[in-house]
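Visitor: Residues in the sequence shown are numbered consecutively from 6, following the working numbering.
For each residue, glycine too, the CB sits at the ideal point set by N, CA and C.
Small disclaimer: the values here were computed from a predicted structure and weren't measured.
Can you read through this structure? Questions will come right after.
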Amino acid sequence: MTADIAPVAWTGGALRLVDQTLLPARLEYRDIVEVDELVDAIRRLVVRGAPALGVAGAFGVVLAVRQGVREGWDASALESAISRIREARPTAVNLAAGVDRVRPLVDKGADAVLTEAVALLDEEVEGNRTIGRHGADWLTRRLGDRPLRLLTHCNAGALATAGWGTALGVVRELHIRNRMDVVYVDETRPLLQGSRLTAWELAQVGVPYYVQPDSAAASTILRGLVDAAIVGADRIAANGDTANKVGTLGVALACAAAGIPFLVAAPWSTIDLTTPDGAGIPIEERPSAEVLASTGTPVVPPGARAHNPAFDVTPARLVTALATETGVMEIAAGRTPSLSQ
Ligand code: MRU
Numbered sequence: 006m007t008a009d010i011a012p013v014a015w016t017g018g019a020l021r022l023v024d025q026t027l028l029p030a031r032l033e034y035r036d037i038v039e040v041d042e043l044v045d046a047i048r049r050l051v052v053r054g055a056p057a058l059g060v061a062g063a064f065g066v067v068l069a070v071r072q073g074v075r076e077g078w079d080a081s082a083l084e085s086a087i088s089r090i091r092e093a094r095p096t097a098v099n100l101a102a103g104v105d106r107v108r109p110l111v112d113k114g115a116d117a118v119l120t121e122a123v124a125l126l127d128e129e130v131e132g133n134r135t136i137g138r139h140g141a142d143w144l145t146r147r148l149g150d151r152p153l154r155l156l157t158h159c160n161a162g163a164l165a166t167a168g169w170g171t172a173l174g175v176v177r178e179l180h181i182r183n184r185m186d187v188v189y190v191d192e193t194r195p196l197l198q199g200s201r202l203t204a205w206e207l208a209q210v211g212v213p214y215y216v217q218p219d220s221a222a223a224s225t226i227l228r229g230l231v232d233a234a235i236v237g238a239d240r241i242a243a244n245g246d247t248a249n250k251v252g253t254l255g256v257a258l259a260c261a262a263a264g265i266p267f268l269v270a271a272p273w274s275t276i277d278l279t280t281p282d283g284a285g286i287p288i289e290e291r292p293s294a295e296v297l298a299s300t301g302t303p304v305v306p307p308g309a310r311a312h313n314p315a316f317d318v319t320p321a322r323l324v325t326a327l328a329t330e331t332g333v334m335e336i337a338a339g340r341t342p343s344l345s346q
């Protein structure tokens, strides 16, 4: 197995990000030292995926404190810079949570913030490995001790999580146990996180996969070609309603119709107990150009308008189970009426 990729890292002087917009063609890193660069990188999905955004947000506060010292910002300029990082994308709760975790240390200086940001990064990676083991144990108990055929949507691998992966962490754990047959990877339009990133990660670690159009997912599931679907999450409300990349809801509905498990894998940092249910989760609307001219060339007639929500919400009743660092909760069966209990 190849060494794991580090999509978010601290160099000593800069926040080093894998530029995920360039994959799979090129693996390149960008060193970020200023707040505006980070906000731009978050909005353009240079760094993306809920847990990775949380870690980047925490390191972003280090950058803000350093830039403030360099440029002589007053307290309100520093606060506003930190808030711009926190609000750069709205749906993934981890971004705000990562910033909020380190924010109380700002008065103690950049080094104190940095120590906490590094702790968050380490916890996320370690947590991912635990989630992987819990998810793999649960799938094996539920489906039998045999190689599994899984379907995934978007990218919930190392790139999305700062290391190892949540949904792909479960896949990787099964692969280590020789219990992975194949992954059907939804390409995940319009930005192709599935075909560009998930397929790339699976190739790196040697897991067999097919890339399929998103529109094939329902039929792949109902034809019995997969044993379960597994996805990550961007925000999970207190009742278990789960926001994830748009298209996830269709996968969950097909799994319910086929009677196969729909498993969500996510760290506790993605659970937002202050949001009672999915209706309260803000859904990011992305630029029209991502749909109208996704390859740079218009694919629609002049004047066409786009509806481009980046996420959808899968109701808790369709989430068979949620794998976290602390174990697997069987949500749809009603055994976890509220995550806060
Ligand atoms: O818009 P993105 O690429 O930041 O979308 C987030 C995601 O990667 C997913 O929704 C993912 O499945 C959950 S994050 C591990």
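Would you call the region 288-307 and the region 192-203 in contact, with 3 or more CB pairs under 8 Å?
Guide: yes
Visitor: Using 6 Å as the cut-off, classify the Cβ of A161 as near or not near the heavy atoms of the ligand MRU, replying yes or no.
Guide: The residue labelled residue 161 in the question sits at position 156 within the sequence shown. A161 has its Cβ nearer than 6 Å to a heavy atom of the ligand MRU.
Visitor: Would you identify the three-state DSSP class for Q198, choosing helix, strand or coil?
Guide: Your numbering for residue 198 matches position 193 in the sequence shown. Three-state DSSP puts Q198 in a helix.
Visitor: What residue from S85, L110, I87 and A61 has the CA that sits closest to E129's CA?
Guide: Residue mapping note: residue 129 aligns to position 124 of the sequence shown, counting from 1. If you compare the alpha carbons of S85, L110, I87 and A61 with that of E129, the shortest gap goes to A61.
Visitor: By a C-beta neighbour count over all protein chains shown, 10 Å radius and 16 as the cutoff for buried, is D116 buried or exposed?
Guide: What you label residue 116 is simply residue 111 of the sequence shown in a count that begins at 1. Exposed, since its Cβ has fewer than 16 Cβ neighbours within 10 Å.
Visitor: Taking Cβ positions, are Q99 and G59 nearer each other than 7 Å?
Guide: Numbered from 1 along the sequence shown, position 94 holds the residue referred to as residue 99. Numbered from 1 along the sequence shown, position 54 holds the residue referred to as residue 59. The sequence given here places Asn at residue 99; Gln does not occur at that position. A contact, by the Cβ cut-off of 7 Å.
Visitor: Can you determine whether any heavy atom of the ligand MRU sits closer than 6 Å to the C-beta of N249, and answer yes or no?
Guide: Taking the first residue of the sequence shown as 1, we reach residue 249 at position 244. Yes, the Cβ of N249 comes within 6 Å of a heavy atom of the ligand MRU.
Visitor: Roughly how many angstroms separate the alpha carbons of A338 and L68, rounded to a whole number?
Guide: Position 333 of the sequence shown, counted from the start, is the residue given in the question as residue 338. Position 63 of the sequence shown, counted from the start, is the residue given in the question as residue 68. Each residue's alpha carbon lies about 45 Å from the other.
Visitor: Which one of E178, I37 and L32 has the shortest CA to CA distance from G17?
Guide: Indexing the sequence shown from 1 puts residue 17 at position 12. Nearest C-alpha to G17: I37.
Visitor: Does N160 pass the burial test, meaning 16 or more other C-beta atoms within 10 Å, or should it be called exposed?
Guide: Stepping through the sequence shown from its first residue, residue 160 is reached at position 155. By the beta-carbon neighbour count (other beta carbons within 10 angstroms, threshold 16), N160 is buried.
Visitor: Counting only runs of 4+ residues fully inside the region 192-239, write out the alpha helix (DSSP H) ranges in chain order.
Guide: 204-210 and 222-227
Visitor: Going by the DSSP bridge assignment, what does W143 pair with across the sheet?
Guide: Mapped onto the sequence shown, residue 143 falls at position 138. Answer is none; W143 lacks a bridge partner.
Visitor: Name the one or two DSSP bridge partners that N249 has.
Guide: Residue numbering aside, residue 249 sits at position 244 when the sequence shown is read from its first letter. N249 pairs with D317.
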